[in-house]
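Listed in order, the protein sequences are those of chains W and Z. Each residue of the first sequence is one higher than the last, beginning at 6 in our numbering. Each residue of the second sequence is one higher than the last, beginning at 69 in our numbering. In this text, a Cβ means the ideal position worked out from N, Cα and C, and glycines have one as well. Quick caveat, the model's predicted, so the values are computed rather than measured.
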Amino acid sequence: MKYKSQKVAYWFFALSMLLFGLQLVYGFIMGFAHAGYDGLHDIIPFNTAKAVHLNLLVVWLLSGFMGAAYYIIPEEAQRELVSVKLAYVQLISLALVGVAAIVGFHFNIWEGRKFLEIPRGLDYLVVVNILLFLGLILVTLFKGKRQTTTALVLSMGLLFAALLYLPGMLPFDSQVTDSFFRWWVVHLWVEGVWELIMGGILSFLLIKLTGVDREVIEKWLYVIVGLTFLSGVLGTGHHYYYIGVNKIWLIVGGIFSALEPLAFLAMALFAVNMYRKGEKKHPNKLALYWTLGAAIVSFVGAGLLGFAHTLPQTNLYTHGTLVTAMHGHLAFWGAYAMIVLAIISYSLPNMTGRKLYDSSIGRMAFWFSNIGMIGMTVAFGVAGVAQVYMERIMKMEFMEVQKHTEIHFIVLIICATLFSTGVILYMIDFYKHGTPNDEALVAKE
Amino acid sequence: MLSKKQARAFFLGGTLVTFLIFIGLTVYSLSGEQDQTNEENLTAEVVRGKEIWETNNCMGCHTILGEGGYYAPELTKVVDRLNVKYNDNGEEIIKGILMSKTPWQPNGRQMVAYGMTEGEATDVIAFFNWVGEIDLNGFGEVVGVDRKISPLAKDKINN
């Protein structure tokens, strides 16, 4: 750690860990309900569990991205954060808004739009919170000694993510238009600007971990985010095939979303090549695991499994089935959860001064969570494909089909247990590092 | 070999062009002539139904237009499907489920008992009926009752 203010990042990461843990609990509630054990129905019905599971994901990832920005921007801009106090205000308000939303979901207070369930009143607070965050980051960046491509791409991702939250707040009478603009937020976040954030973090980590020249890494960063937008923006069309808008989206969405895996492939190749090229072998092995892991698993989860049901001919039958949950889980895990865990693994020893670079707990955390998540993805996939055939092709009734797929959710729960064991081990490792302190400061370059 | 400057130009240029095309296509497909939703039938009842749909997060379990929770049935064309199953009493069945004070639990999977008023239930049904009439580029046939009939054969049946 080179700047005192980077310590703020630790507390954002700690909030991430807490919310991530809670997200898993609600995931289990849903898994059991799918397997036929909905004993908690009266207190936490499925729609509550679902809203909590999704929103905790969004909030813990955002908190992780923010922590990443608070760590990376001072180092890249070569100056302290403009205000540490305001950063803490922002952290606390983020936690409060998140908790208020989650509690509200248990009392039927929500907006009932997938991924954007946070009620309108709280939406405004989210906007204020994000503006404060962006203010702190951007002012630090532009007052800094240098504006690197890595910092610019990361900040651009964060700025666009904030702007794209707004279309989700527009009210519409028609379900079709409502859905149309909901994807402006959800799709353009996860298959657009969040990839800028991911790319920025990845590039920072590769520069630090491999020692490859910044100019080389940042050049490829531009190519990757270029490919992302080139395919991802018009790729939004794959959400518009069957929601009641023009057929033109079948062609546009089909072609461009089929290109989306290219951006992820480029990212995976880039990360692996930089690692091979790098002469510096940073001692933080765990950070390297998570960094390369994120690049590779995101290609499989977001790229390949996304492609598996993105063509209109396939999607006609898989649209609205568990096949989507299969892709969703590995994609979010690989692309976003793993990159947050990568930056935490890298920065934690630097902030706390405890250089636990490689440990069996850390390695087990990586392998258990990844193998568990792959198992979960397979379980979702089998259930999803079975559902498509029985319900959509053989015309069996929904609940009859669900009875047949219950067994896959037992498998899912077993794999989720392995996954959660990995995550808990990661949290133990996090806790073992202790808290950040000024003794961890190192001389500036 | 590609320079950093060229890479940046590729990123900025590509992004700008695709965004402009995206905005253009959005304007085109949401324009009045391209309407596939029968917007003129979007009555106050339907809008109230959508509001009830949202304030109770029905999408947290069900799907509509293929979007939602995957835990409970797709509700696009639900009235048609229940009409076939229950002798044209689809709407009555839905009304019963929405107004019930005890959880509806087909095959043991429970739904929240909303205990709606008759007016609220009627609004939700109006919303389902409106959604059921939308031209979904073929998806309506996949989730509807006539999904095995080729769209080309439709005219013959109507005649």
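For residue 131(Z), the three-state secondary structure derived from DSSP is strand. Short of 7 Å from the beta carbon of residue 257(W), and not among the five residues preceding or following it, lie these beta carbons of its own chain, in chain order: 239, 242. With distances taken between CA atoms, residue 273(W) lies nearest to 208(W) out of 208(W), 255(W), 260(W), 220(W). Below the 8 Å Cβ cutoff, chain W contributes no neighbours of residue 159(Z), its closest Cβ being approximately 19 Å away.
Where residue 365(W) is concerned, the enclosing alpha helix (DSSP H) starts and stops at 365 to 392. Listed along chain W are 154, 220, 223, 224, 227, each with a C-beta nearer than 8 Å to that of residue 72(Z).
In this structure, residue 143(Z) lies away from residue 161(Z), with their beta-carbon atoms at least 9 Å apart. Comparing C-alpha distances from residue 420(W) to each of 394(W), 393(W), 379(W), 389(W) shows the shortest one belongs to 379(W). Under DSSP, residue 142(Z) shares a beta bridge with 131(Z). In its chain, beyond the 5 residues on either side, 310, 382, 385, 386, 389 have a beta carbon closer than 7 Å to the beta carbon of residue 331(W).
Those residues of the stretch 128 to 141 of chain Z placed with their C-beta closer than 8 Å to a C-beta in chain W are 128, 129, 131, 132, 133, 134, 135, 136, 137, 138, 139, 140, 141, ordered along the chain.
For residue 193(Z), same chain residues with a beta-carbon under 6 Å away, outside a window of 5 residues either side, are 159, 162 in chain order. Look at the stretch 266 to 282 of chain W: it has no residue with a C-beta under 9 Å from a C-beta of chain Z. At least one C-beta of chain Z is nearer than 9 Å to the C-beta of residue 397(W). Closest by C-alpha distance to residue 197(Z), out of 120(Z), 148(Z), 103(Z), 188(Z), is 148(Z).
If you check each beta-carbon in the stretch 112 to 131 of chain W against every beta-carbon of chain Z, the ones closer than 7 Å belong to 113, 115, 116, 117, 118, 119, 122. Counting only residues of its own chain and dropping the five nearest sequence neighbours on each side, residue 106(Z) has a CB closer than 8 Å to the CB of 198, 201, 202. Here residue 10(W) is buried, its C-beta having at least 16 other C-beta atoms within 10 Å.
By the rule that beta-carbons nearer than 9 Å mark a contact, residue 108(Z) does not touch chain W. For residue 97(Z), a Cβ of chain W is located within less than 9 Å of the residue's own Cβ.
Across the structure, residue 437(W) and residue 360(W) are spaced so that their CA atoms are roughly 11 Å apart. Excluding residues up to 5 positions away in sequence, 242, 245, 246 lie with their Cβ nearer than 7 Å to the Cβ of residue 254(W) in the same chain. Contact check for residue 146(W) and residue 82(W): beta-carbon distance about 5 Å, within the 8 Å limit, so the pair qualifies. Rounded to the nearest angstrom, the Cβ distance from residue 75(Z) to residue 224(W) is 5 Å, consistent with a contact under 8 Å. Chain W has no Cβ within less than 9 Å of the Cβ of residue 165(Z). Between residue 106(W) and residue 285(W), the alpha-carbon positions lie close to 45 Å from each other. Where residue 191(Z) is concerned, the enclosing alpha helix (DSSP H) starts and stops at 186 to 200.
Remark: C-beta atoms of residue 86(Z) and residue 234(W) approach each other more closely than 9 Å. Around residue 253(W), the beta-carbon contacts reaching into chain Z at under 8 Å are 93, 96, 97. The C-beta of residue 318(W) has fewer than 16 other C-beta atoms within 10 Å across all chains shown, which makes the residue exposed. Under DSSP, residue 176(Z) shares a beta bridge with no residue.
At a cut-off of 9 Å between beta-carbon atoms, residue 407(W) makes contact with chain Z. By alpha-carbon distance to residue 80(Z), the top candidate from 29(W), 133(W), 70(W), 157(W) is 157(W). Close partners of residue 50(W) in chain Z (Cβ separation under 7 Å): 180. Between residue 159(W) and residue 205(W), the CB-CB gap stays under 9 Å. Relative to the Cα of residue 96(W), the nearest Cα in the group 211(W), 49(W), 116(W), 74(W) belongs to 74(W).
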